[in-house]
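**Q**
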Amino acid sequence: MNRGLKVISIFSFTTMLALSGCSTSSTTSSPTDAAKQPEASTASTPSGSKKTAELTVATVNNPDMVIMQKMAKDYEKDNGVKINFITLPENDLRKQVTLDAASGAGKFDIVTIGTYDAPIWAKNKWISPLTPQLDSMPGDAKSKYDLEDIFPSVRDALSYEKQLYALPFYGESSMLYYNIDMLAKAGVTMPESPTWDQVADIAKKVKAANNVPGIVLRGLPGWGEVLAPLNTVINAFGGSWYDTQWNAKLNSPETTKAVKFYVDLLKEAGQPGATSTGFTESLTLMSTGKAAMWYDATVAAGFLNNPKDSQVVGKIGYALAPSQAKSNNGWLWAWSLAIESGSKNKEEAFKFITWATSKEYINKVGEKEGWVVAPPGTRKSTYDNPKYKEAAPFADLVLKSMMNADYKKPTKDPVPYQGIQYVAIPEFQELGTEVSQAVASAISGKMSVDDAMKLSQEKAEKIAKDGGYKN
Numbered sequence: 007m008n009r010g011l012k013v014i015s016i017f018s019f020t021t022m023l024a025l026s027g028c029s030t031s032s033t034t035s036s037p038t039d040a041a042k043q044p045e046a047s048t049a050s051t052p053s054g055s056k057k058t059a060e061l062t063v064a065t066v067n068n069p070d071m072v073i074m075q076k077m078a079k080d081y082e083k084d085n086g087v088k089i090n091f092i093t094l095p096e097n098d099l100r101k102q103v104t105l106d107a108a109s110g111a112g113k114f115d116i117v118t119i120g121t122y123d124a125p126i127w128a129k130n131k132w133i134s135p136l137t138p139q140l141d142s143m144p145g146d147a148k149s150k151y152d153l154e155d156i157f158p159s160v161r162d163a164l165s166y167e168k169q170l171y172a173l174p175f176y177g178e179s180s181m182l183y184y185n186i187d188m189l190a191k192a193g194v195t196m197p198e199s200p201t202w203d204q205v206a207d208i209a210k211k212v213k214a215a216n217n218v219p220g221i222v223l224r225g226l227p228g229w230g231e232v233l234a235p236l237n238t239v240i241n242a243f244g245g246s247w248y249d250t251q252w253n254a255k256l257n258s259p260e261t262t263k264a265v266k267f268y269v270d271l272l273k274e275a276g277q278p279g280a281t282s283t284g285f286t287e288s289l290t291l292m293s294t295g296k297a298a299m300w301y302d303a304t305v306a307a308g309f310l311n312n313p314k315d316s317q318v319v320g321k322i323g324y325a326l327a328p329s330q331a332k333s334n335n336g337w338l339w340a341w342s343l344a345i346e347s348g349s350k351n352k353e354e355a356f357k358f359i360t361w362a363t364s365k366e367y368i369n370k371v372g373e374k375e376g377w378v379v380a381p382p383g384t385r386k387s388t389y390d391n392p393k394y395k396e397a398a399p400f401a402d403l404v405l406k407s408m409m410n411a412d413y414k415k416p417t418k419d420p421v422p423y424q425g426i427q428y429v430a431i432p433e434f435q436e437l438g439t440e441v442s443q444a445v446a447s448a449i450s451g452k453m454s455v456d457d458a459m460k461l462s463q464e465k466a467e468k469i470a471k472d473g474g475y476k477n
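As structure tokens, then:
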């Protein structure tokens, strides 16, 4: 088997996955709803007028995307387009859009994908290149969109063979949040660049002093859930998934030590029922004052400071992603909008995604919803905007986190792959999901960490051999 993605084997497996966890978002649709969406049509009605064009957008159920749906109502009125949103929990979104794009069914015109997906999907021709359409934009529209304003690292991560295949809706790194009052009550302070040992010590002390979880960490199975923060911990401890010869390293002393640290920290100072906790559930705990600390995506900073949704506005402090054997461990990610190759509405889809990722859109969110929740991590102009800087006390630290993130060199020792919180190979979607399930079993106490990593090691070795990475 060569290094290209084997669609039949991988996605037959994906179909059978029993993904755990569910979202508490009221906007979530059933995965089967995607099949019920009407086909877009511009056919004439009996009176001779054209039907409203329709676009179907598959997206994740996080707060930024909820705002996008709200903002899209004005877009619909102004452009005479009907936007159908299919909003899914992250694990379900990955499964649904991957299967649709791989089959060429075109049920979704626009799909929400990440930096991991973009080059892989582009190579497989599942999404359309955007560079030709961007190049052909009229001069004034091109200048207004200002592609060069988007962070180069994010553009590079969304490109394949020098063509851009997705536009970033928001970008993020990772950092540590802490409740200032709770730490003060425990008599501890947080440095701007803590080690994981310092974080663990503080978490235990603030838990005892405040009778709340000292720290919240994701435990929900999924390569984009528990493995997102855990992989940065593995990197920090000097571990990795593979060495330069593609020998699996998931049961190495460094990697095993990192996973044991993560599992023990959850047991000693974390939230109950951790294997049901993903990003959304973690945000709820932190924003309602039911947790003292949280390590996760920088995008959450805006929501923790939004008085419409958060009870801890003005009470949150920020620190860089913790270090250990290695520093500079923040991840790099951008939830982005791409057009499926099977879409029958590519022109309308392009208009929508350039609107939703524009300076104009960011300004509209800032003015209507509050600058603190304006989409972060995509445009330099956002961090130069005095209104945003005034509303976002975390802006400088987020910018530092994004600028420091190096997805090309994610580990202490050299590795043959890119990606900080993932391994940028097509097979990682399968491998990461299986490993996350083993890790979740260790978190819940159903399996020891040593056994979980032994099982994970075997799976990683098999992927390396079957994928043609290792002879």
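The numbering used here runs 6 ahead of the 1-based position in the sequence shown.
Don't be surprised by glycine CBs; every beta carbon is placed ideally from N, CA and C.
Predicted model only: the values in this text are computed from it and were never measured.
1) At a cut of 8 Å, does the segment 182–189 reach the segment 315–333 through at least three beta carbon pairs?
2) Just list the residues that DSSP pairs residue 174 with in beta bridges.
3) Of the choices 105, 249, 313 and 355, whose alpha-carbon is the least far from that of residue 475?
4) Is the beta carbon of residue 75 less than 9 Å from the beta carbon of residue 93?
5) Where in the segment 270–314 do unbroken runs of the alpha helix (DSSP H), each at least 4 residues long, occur, reported from the N-terminal end onward?
6) How big is the Cα-Cα spacing for residue 277 and residue 321?
7) Measure the Cβ-Cβ separation of residue 224 and residue 218 and say whether it is below 9 Å.
8) Enumerated in chain order, which unbroken segments of the beta strand (DSSP E) with a length of 3 residues or greater are wholly contained in the segment 131–178?
9) Starting from the C-beta of residue 467, find all residues in its chain whose C-beta is less than 7 Å away, skip the five residues before and the five after it, and write them out in chain order.
10) Report the option in 404, 434 and 374 whose CA atom is closest to the CA atom of residue 386.
11) Indicate the three-state DSSP secondary structure (helix, strand or coil) for residue 10 in the structure shown.
12) I'd like the span of the beta strand (DSSP E) that includes residue 400, first residue to last.
13) Find out if the Cβ-Cβ distance for the pair residue 336, residue 292 is shorter than 9 Å.
14) Tell me residue 454's beta-bridge partners as DSSP assigns them.
15) Whose C-alpha, out of 357, 279 and 395, is nearest the C-alpha of residue 151?
16) Would you report the Cα separation of residue 161 and residue 153, rounded to the nearest angstrom?
17) Excluding sequence positions up to five away, which residues of its chain have a Cβ less than 6 Å from the Cβ of residue 100?
18) Using DSSP's beta-bridge definition, name the partner residues of residue 254.
19) Distance, Cα to Cα, residue 38 vs residue 62?
20) Only counting the same chain, and skipping five residues up and downstream in sequence, which positions put a Cβ closer than 6 Å to that of residue 438?
21) Need the endpoints of the beta strand (DSSP E) that residue 387 sits in, please.
22) Cutting at 8 Å between CB atoms, please list the residues of its own chain near residue 88, excluding the five before and the five after it.
23) Do residue 124 and residue 164 have their CB atoms nearer than 9 Å?
24) Give the secondary structure of residue 421 by DSSP, where H, G and I count as helix, E and B as strand, and everything else as coil.
25) Work out the CA separation of residue 208 and residue 197 for me, nearest whole Å.
26) Could you give the distance in angstroms between the alpha-carbon of residue 367 and the alpha-carbon of residue 103?
27) Please classify residue 372: does DSSP put it in a helix, a strand, or coil?
28) Mapping the DSSP letters down to three states, classify residue 329 as helix, strand or coil.
29) So residue 88 is in the alpha helix (DSSP H); what residue range does that whole segment cover?
30) Taking residue 64 as part of the beta strand (DSSP E), name the residues at either end of that continuous run.
31) I'd like to check one pair, residue 222 with residue 143: are the Cβ atoms closer than 9 Å?
32) Identify the residues that DSSP records as bridge partners of residue 233: which are they?
33) Could you tell me the distance, in whole angstroms, from the CA atom of residue 77 to the CA atom of residue 138?
34) Look at the alpha carbon of residue 192 and the alpha carbon of residue 415, and state the distance between them as a whole number of angstroms.
35) Go ahead and label residue 539 buried or exposed: buried means 16 or more other beta carbons lie within 10 angstroms of its beta carbon, across all protein chains shown.
36) Just reading off the beta strand (DSSP E) that residue 117 is part of, what are its end residues?
**A** Considering the structure as presented:
1) yes
2) The count along the sequence shown starts at 1 and reaches residue 174 at position 168. Per DSSP, 342.
3) Start at 1 with the first residue of the sequence shown, and residue 475 comes out as number 469. Selected option, being the one with the closest Cα: 249.
4) Counted from its first residue, the sequence shown places residue 75 at position 69. Counted from its first residue, the sequence shown places residue 93 at position 87. Cβ atoms of residue 75 and residue 93: closer than 9 Å.
5) 285–293 and 306–310
6) Numbered from its first residue, the sequence shown carries residue 277 at position 271. Numbered from its first residue, the sequence shown carries residue 321 at position 315. Cα to Cα, the separation comes out at about 20 Å.
7) Within the sequence shown, residue 224 is the residue found at index 218, counting from 1. Within the sequence shown, residue 218 is the residue found at index 212, counting from 1. Cβ distance not < 9 Å, so residue 224 and residue 218 don't count as in contact.
8) 173–178
9) Within the sequence shown, residue 467 is the residue found at index 461, counting from 1. Closer than 7 Å at Cβ, skipping near neighbours: 254.
10) Within the sequence shown, residue 386 is the residue found at index 380, counting from 1. The option with the nearest alpha carbon to residue 386 is 404.
11) As a first step, residue 10 is located in the sequence shown; it is residue number 4 there, counting from the start. Low local confidence applies: a pLDDT of 33 at residue 10 is under 50, so the model's placement there is unreliable, and no value is given.
12) Mapped onto the sequence shown, residue 400 falls at position 394. Segment: none, residue 400 is in no beta strand (DSSP E) and carries neither H nor E.
13) Locating residue 336 in the sequence shown gives position 330, where the first residue counts as 1. Locating residue 292 in the sequence shown gives position 286, where the first residue counts as 1. Not in contact: residue 336 and residue 292 (Cβ atoms no closer than 9 Å).
14) Working through the sequence shown from its first residue, we reach residue 454 at position 448. DSSP output for residue 454 lists no bridge partner at all.
15) Start at 1 with the first residue of the sequence shown, and residue 151 comes out as number 145. Comparing Cα positions, the closest option is 357.
16) The count along the sequence shown starts at 1 and reaches residue 161 at position 155. The count along the sequence shown starts at 1 and reaches residue 153 at position 147. C-alpha separation (whole angstroms): 9 Å.
17) Within the sequence shown, the letter at position 94 stands for residue 100. If we look at residue 100 and ignore the five residues flanking it on each side, it has no Cβ neighbours.
18) Here residue 254 refers to the residue found at position 248 when the sequence shown is read from its first residue. DSSP lists 248 as partners of residue 254.
19) Sequence index remark: in the sequence shown, residue 38 carries index 32 (1-based). Sequence index remark: in the sequence shown, residue 62 carries index 56 (1-based). Summary for residue 38: the model assigns pLDDT 30, below 50, so the residue's position carries little reliability; its value from the coordinates is reported in the next sentence. Cα to Cα, the separation comes out at about 14 Å.
20) As a first step, residue 438 is located in the sequence shown; it is residue number 432 there, counting from the start. Closer than 6 Å at the Cβ level, and outside the excluded window around residue 438, lie 229 and 233.
21) Here residue 387 refers to the residue found at position 381 of the sequence shown. Segment 386–390 is the alpha helix (DSSP H) holding residue 387; no beta strand (DSSP E) there.
22) Working through the sequence shown from its first residue, we reach residue 88 at position 82. Correct list, in chain order: 58, 59, 60, 61 and 82.
23) If you number the sequence shown from 1, residue 124 lands on position 118. If you number the sequence shown from 1, residue 164 lands on position 158. Yes, Cβ-Cβ distance for residue 124 and residue 164 is below 9 Å.
24) Within the sequence shown, residue 421 is the residue found at index 415, counting from 1. Coil at residue 421, not helix or strand.
25) Position 191 of the sequence shown, counting from 1, holds the residue named residue 197. Position 202 of the sequence shown, counting from 1, holds the residue named residue 208. Spanning the two alpha carbons is a distance of roughly 11 Å.
26) As a working note, residue 367 is residue 361 in the sequence shown. As a working note, residue 103 is residue 97 in the sequence shown. If I take the Cα positions, the gap works out to 25 Å.
27) For the purposes of this step, residue 372 is identified with residue 366 of the sequence shown, where counting begins at 1. Here residue 372 sits in helix by DSSP.
28) Locating residue 329 in the sequence shown gives position 323, where the first residue counts as 1. In this structure, residue 329 counts as strand in the three-state DSSP scheme.
29) Counting from one through the sequence shown, the residue named residue 88 turns up at place 82. Element bounds for residue 88: not the alpha helix (DSSP H) but the beta strand (DSSP E), 87–94.
30) Position 58 of the sequence shown holds residue 64. 59–66 is the extent of the beta strand (DSSP E) around residue 64.
31) As a first step, residue 143 is located in the sequence shown; it is residue number 137 there, counting from the start. As a first step, residue 222 is located in the sequence shown; it is residue number 216 there, counting from the start. No, Cβ-Cβ distance for residue 143 and residue 222 is not below 9 Å.
32) Counting from 1 along the sequence shown, the entry for residue 233 is found at position 227. Residue 233 pairs with nothing; no bridge assigned.
33) What you label residue 77 is simply residue 71 of the sequence shown in a count that begins at 1. What you label residue 138 is simply residue 132 of the sequence shown in a count that begins at 1. The alpha-carbon atoms of residue 77 and residue 138 are separated by roughly 27 Å.
34) On the sequence shown, position 186 is the one that residue 192 refers to. On the sequence shown, position 409 is the one that residue 415 refers to. One C-alpha to the other measures close to 37 Å.
35) A query on residue 539 cannot be resolved here, the shown segment of the chain reaching from 7 to 477 and no further.
36) The residue given as residue 117 occupies position 111 in the sequence shown. It spans 116–119 - the beta strand (DSSP E) in which residue 117 sits, taken as one unbroken run.
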